[in-house]
Amino acid sequence: MLLPIRGKGLARAAANLRREGRTPINRAMSETAPQKRLYIKTYGCQMNVYDSERMADVLAPLGYGMTDDPANADLVVLNTCHIREKATEKVYSELGQIKLMKAARAEAGHAMTIAVAGCVAQAEGEEIMRRQPAVDLVVGPQAYHQLPELIARAHRARGERLAADFAPDEKFDALPARRPAGVSAFLTVQEGCDKFCTFCVVPYTRGGEWSREPASIEAEARSLAAKGVREVTLLGQNVNAYAGEGGLAALVRRLARIEGLDRIRYTTSHPRDMDDALIAAHAEVDALMPYLHLPVQAGSDKVLKAMNRAHTAESYIRLIERIRAARPDIAISGDFIVGFPGERDADFEATLQLVREVGYASAFSFKYSRRPGTPASAMPGQVATEVADERLQRLQALLVQQQQAFNAAQAGKTLPVLFEKAGRHPGQLVGKSPYLQAVHVSAPDRMLGRIVPVRIESAARNSLAGALELESA
Ligand code: 5AD
Ligand code: SF4
693 MLLPIRGKGL
703 ARAAANLRRE
713 GRTPINRAMS
723 ETAPQKRLYI
733 KTYGCQMNVY
743 DSERMADVLA
753 PLGYGMTDDP
763 ANADLVVLNT
773 CHIREKATEK
783 VYSELGQIKL
793 MKAARAEAGH
803 AMTIAVAGCV
813 AQAEGEEIMR
823 RQPAVDLVVG
833 PQAYHQLPEL
843 IARAHRARGE
853 RLAADFAPDE
863 KFDALPARRP
873 AGVSAFLTVQ
883 EGCDKFCTFC
893 VVPYTRGGEW
903 SREPASIEAE
913 ARSLAAKGVR
923 EVTLLGQNVN
933 AYAGEGGLAA
943 LVRRLARIEG
953 LDRIRYTTSH
963 PRDMDDALIA
973 AHAEVDALMP
983 YLHLPVQAGS
993 DKVLKAMNRA
1003 HTAESYIRLI
1013 ERIRAARPDI
1023 AISGDFIVGF
1033 PGERDADFEA
1043 TLQLVREVGY
1053 ASAFSFKYSR
1063 RPGTPASAMP
1073 GQVATEVADE
1083 RLQRLQALLV
1093 QQQQAFNAAQ
1103 AGKTLPVLFE
1113 KAGRHPGQLV
1123 GKSPYLQAVH
1133 VSAPDRMLGR
1143 IVPVRIESAA
1153 RNSLAGALEL
1163 ESA
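Note that the sequence shown covers residues 693 to 1165 in this note's numbering.
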């Protein structure tokens, strides 16, 4: 028998758990997430009851606890059923009531987000939002894991910032700090992220992708160059999604024309925004340095899908091939996460295999860390710390080996080095190779800020050592 089951059932279950001292809200929630009230009205079959519980689970890490009073809810979900006659009309009539509650809440200075889930959502799709504009989001039964993303997008559409809901994690979230004025400077061109990787807080904390105007970036770059800056690193959480006219490739070409600005770098990029124009710029623009930080995160397609990365191991490897065809000597760097929920031994082996195929010049690797409010934090199959530790060690051993091999391969070559600062020993300067390696050289101070040919003599794990070519000494 199909019974309309009200949100009360869930609220009661939540109340029972609370009495036992096990609030469902606290299961995976951070101490920092504020309390928000969730009202779910469930129509139809047991399947929908189960789905409503799953939605409550996914939302708990964001700080949502159940309420049985829709008028006071921050989020109202109608989990609909299509099976009975006139079900759709009933949903619209219910939405009419909830719209009034939303208006009353707005008058009192509180927001309400209205979501329609279940089979009516599946059948009607966005038509629901056209017919009842008070509805903020529609989510079909296959997409409940995307609720945090959809809610964040709905909040963004209202102009809300979610930063207060999360404790930012400097390690993952922050752009590198501004370098002290010198010969190399950072220049922010883009902020925010629309990718919603399921482990990451950035789309919630930093908001949507946003790009600066090319003219204002150029003006800043010119003023940096006038102060003696020879190298800029264009910064953005998703820098290659830069949306100024012509994209990042056009921006790079524009900045490359600035007198005195001899080196351009950019970070961090997403594989799916690595377009042909940017790849071509690597082949054609001398000032664009042969170094690319292109995080892959994992080598298993199953894990990549659960991460919502929108690329496969294969598509990433093909992309690297295209980039290398344009700029054969390019140094590739990456980010990796081990111990993502559901990562099995075979998945981790696939990551090692990808690393072997790509060959990295440098890399950052992290143990998965559960970030409250992200979809992955509520995923089953969280990996034991010891297992993740062991995987991280194995991955890092391989990456270090590759980094050393990449550095060692420079020995005997002559590389242009931009001298940035004094070295640790008297008479020594430290500069950067085109591949972002630190290079230690005995050289006079007057060479600071200059790009000078250096013969590389030896390589260590994190740096190179060399000598000035005779004609520049
Ligand atoms: N756990 C582990 N690593 C993470 N990163 C982002 N979020 C997490 C997380 N929850 C890593 C990713 C990203 C880099 C900046 O930080 O690898 O590319
Ligand atoms: Fe986070 Fe980067 Fe994914 Fe955006 S693309 S969600 S910043 S890991």
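Glycine included, C-beta positions come from ideal geometry on N, C-alpha and C. Note that the structure is a prediction, hence the values are computed from the model and not measured.
Look at which beta carbons fall closer than 6 Å to any heavy atom of the ligand 5AD; those residues are Phe864, Phe891, Cys892, Pro987, Gln989, Asp1027, Ile1029, Phe1058, Tyr1060, Ser1061 and Arg1063. Beta-bridge partners assigned by DSSP to Thr772: Gly810.
In the DSSP secondary-structure assignment, Thr959 is bridged to Leu927. Ranked by Cα distance from Tyr934, the options Gly801, Asn740 and Ser961 are led by Ser961.
When rounded, the separation of the alpha-carbon atoms in Thr1066 and Ala835 is 15 Å. Runs of the beta strand (DSSP E) lying entirely within the stretch 728–792, each at least 3 residues long, are 728–734, 756–758 and 767–772 in chain order. About 5 Å separates the Cβ atoms of Ala809 and Val831, confirming a contact at the 8 Å cut-off. Leu940 places its beta carbon 7 Å or farther from that of Leu984. Per DSSP, Phe1040 lies in no beta strand (DSSP E) segment; the continuous alpha helix (DSSP H) that holds it begins and ends at Asp1037 to Val1050. DSSP lists no beta-bridge partner residue for His802. In this structure, Lys733 lies near Leu770, with their beta-carbon atoms less than 7 Å apart. The ligand SF4 approaches Lys887 closely enough that one of its heavy atoms is under 6 Å from the residue's Cβ.
Within the same chain, Cβ atoms closer than 6 Å to the Cβ of Ser992 are found at Asp1039 and Ala1042, the five residues on either side in sequence being excluded.
According to the DSSP secondary-structure assignment, Lys1059 is paired through a beta bridge with Val1030. Rounded to the nearest whole angstrom, the CA to CA distance from Ala877 to Ala907 is 18 Å. Sequence-distant Cβ neighbours of Pro762 in its own chain, meaning closer than 7 Å and more than five residues away, are Tyr731, Val768, Ile790 and Met793. Ser1125 sits close to Leu1107, with the two beta carbons spaced by under 7 Å. Collapsing the DSSP output to three states places Lys887 in coil. The residue from Arg1048, Leu953, Asn740 and Pro963 with its alpha-carbon nearest to that of Val977 is Leu953. In the three-state reduction of the DSSP assignment, Glu818 falls in the coil class, being assigned neither a helical nor a strand state. A Cβ-Cβ contact shorter than 7 Å links Leu829 with Ala846. Straight through space, the alpha carbons of Thr959 and Ser1007 are spaced by roughly 20 Å. Setting aside the 5 residues that flank it on each side, Arg904 is surrounded in the same chain by Thr880, Val881, Gln882 and Gly936, each with a C-beta closer than 8 Å to its C-beta; the list follows chain order. One alpha carbon belongs to Arg898, the other to Ile1012, and they sit about 28 Å apart.
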